[in-house]
Amino acid sequence: MEVFRIHPPHDYMSLDSILDSLLEFSESRILFEHIISALSTLCKTAPLSLTDCPYSGSYTYLALACHILRREEMMILWWKSSNFDHLFEGFLSRKSPNKQDLQSLMPSVWWPGSCEDMSNEASLVLTTTALSEAINKVEEKQRDLCRLVMQFMPPTAPPQLPGSVFRTFLQNILLKNRGADRNLPPPGVSSNSVLVSVFSVILHFLSEGFGDIGGWMKDSGASDVGFLHRGGQQNFPVGLFLKNDPHRVDIPRLGGSFNHLAKSHPISSEQQEEVIRVIG
Numbered sequence: 633m634e635v636f637r638i639h640p641p642h643d644y645m646s647l648d649s650i651l652d653s654l655l656e657f658s659e660s661r662i663l664f665e666h667i668i669s670a671l672s673t674l675c676k677t678a679p680l681s682l683t684d685c686p687y688s689g690s691y692t693y694l695a696l697a698c699h700i701l702r703r704e705e706m707m708i709l710w711w712k713s714s715n716f717d718h719l720f721e722g723f724l725s726r727k728s729p730n731k732q733d734l735q736s737l738m739p740s741v742w743w744p745g746s747c748e749d750m751s752n753e754a755s756l757v758l759t760t761t762a763l764s765e766a767i768n769k770v771e772e773k774q775r776d777l778c779r780l781v782m783q784f785m786p787p788t789a790p791p792q793l794p795g796s797v798f799r800t801f802l803q804n805i806l807l808k809n810r811g812a813d814r815n816l817p818p819p820g821v822s823s824n825s826v827l828v829s830v831f832s833v834i835l836h837f838l839s840e841g842f843g844d845i846g847g848w849m850k851d852s853g854a855s856d857v858g859f860l861h862r863g864g865q866q867n868f869p870v871g872l873f874l875k876n877d878p879h880r881v882d883i884p885r886l887g888g889s890f891n892h893l894a895k896s897h898p899i900s901s902e903q904q905e906e907v908i909r910v911i912g
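At position 204 of the sequence shown the residue is numbered 836 (our numbering), and the sequence of numbers has no breaks.
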């Protein structure tokens, strides 16, 4: 990590030199298996920090993983591992902030009508802007990693098309999380941050297009205009992940669950319509 550097500009040249030297030894495969596993785990536990914004949270570990996995031999090594899906979910995870994290991330808050000093308003704006930029950096690297998986063609016979590995991962994650909204969910369901990340990645690609992934999109003659912008009634409903009602899974959020808030602070239908109108 010292060679790669936590913040850009990253030292890709020195890192590549180290990788080339290690790959000369067949025993290095075990080392790289541990490195990929460690990076995946660190993505789960890396907290956001205002002092490191916008390159905070899991950004550095994702950036390092993306560079390593650009090498075909590294991608094959990861794909052949018995816990490929588990490690992939780790890369798409985010650490939920605890009380101590929130105290450092948002030492002061402000809202219209509060009796706090007006300087807190400016402080809150700066804080939320910095955190938004950090989250954007993490999401960008998550998309980069997903692009690498999408363009990867596993060495199988008969050969598979690009995107087959990502499609299989997506099918597995949806199958695994069936019943996650039960009172007693089945064991092994994905964390909510993984589901949100996967949904955000797919939604971005459907909206903005895939870009020239490995050149095969351009070779196919397909338009790079996002699927959701091609006209007609194109949509990507959240119900694919959360069934028909996003409140059914009761995703944890700051301030408590939706059901708890609805019982503690009941609102009229007119107020609810206003909230939906503003958010929409």
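Beta carbons: idealized from backbone N, C-alpha and C, even for Gly. Since we're looking at a predicted model, the values are computed, not measured.
DSSP-derived helix/strand/coil call for residue i
i, result
"L838", "helix"
"G722", "helix"
"K727", "coil"
"N768", "helix"
"E634", "coil"
"N715", "coil"
"V972", "Nothing can be reported for residue 972, as the shown portion of the chain is limited to 633 through 912."
"T788", "coil"
"L737", "helix"
"I650", "helix"
"R799", "helix"
"N809", "coil"
"H699", "helix"
"D643", "coil"
"V821", "coil"
"I708", "helix"
"S755", "helix"
"L694", "helix"
"S900", "coil"
"L827", "helix"
"N876", "A caution first: N876 carries a pLDDT of 48, below 50, which makes its placement in the model unreliable, though a value can still be read off. Coil."
"L763", "helix"
"W848", "Low confidence applies here, because W848 scores a pLDDT of 49, under 50, leaving its location unreliable; read the following figure in that light. Helix at W848."
"P794", "coil"
Residue i vs residue j beta-carbon contact at 7 Å
i, j, result
"A678", "S669", "no"
"S740", "S764", "no"
"Y687", "L674", "no"
"S672", "F723", "yes"
"C685", "L777", "no"
"V821", "N809", "yes"
"W711", "P818", "no"
"R775", "V833", "yes"
"V826", "E753", "no"
"S660", "L654", "yes"
"G709", "F664", "Note that residue 709 is Leu in the sequence shown, not Gly. Yes, the pair counts as a contact, with Cβ atoms nearer than the cut-off."
From the options, residue whose alpha carbon lies closest to that of residue i
i, options, result
"F636", "S900, I700, Q803, N768", "I700"
"L696", "L647, I834, H836", "L647"
"G795", "L802, M782, A754", "M782"
"I767", "R726, F784, L758, P786", "R726"
"N824", "V770, E840, E634, S728", "S728"
"M707", "F784, G820, V757", "F784"
"T760", "L680, S660, L719, L651", "L680"
"L719", "H666, L737, L838", "H666"
"L682", "Q803, L758, Q774", "L758"
"H773", "I650, H836, L807, N752", "As written in the sequence, residue 773 is Lys, which differs from the His given in the question. Nearest option by C-alpha distance: H836."
"M705", "E656, F801, V833, P744", "The sequence given here has Glu at residue 705, not Met. Of E656, F801, V833, P744, the residue nearest in Cα terms is E656."
"V830", "I899, V770, M645", "V770"
"S644", "F664, I805, K676, R703", "Checking the displayed sequence, the identity of residue 644 turns out to be Tyr instead of Ser. Cα-wise, what sits closest to Y644 is R703."
Short CB-CB distance (under 7 Å) between residue i and chain C
i, result
"L763", "As a matter of chain content, chain C is missing from the structure shown, which is built from one protein chain."
Alpha helix (DSSP H) segments (min. 4 residues) lying fully within the segment 652-690: 660-677
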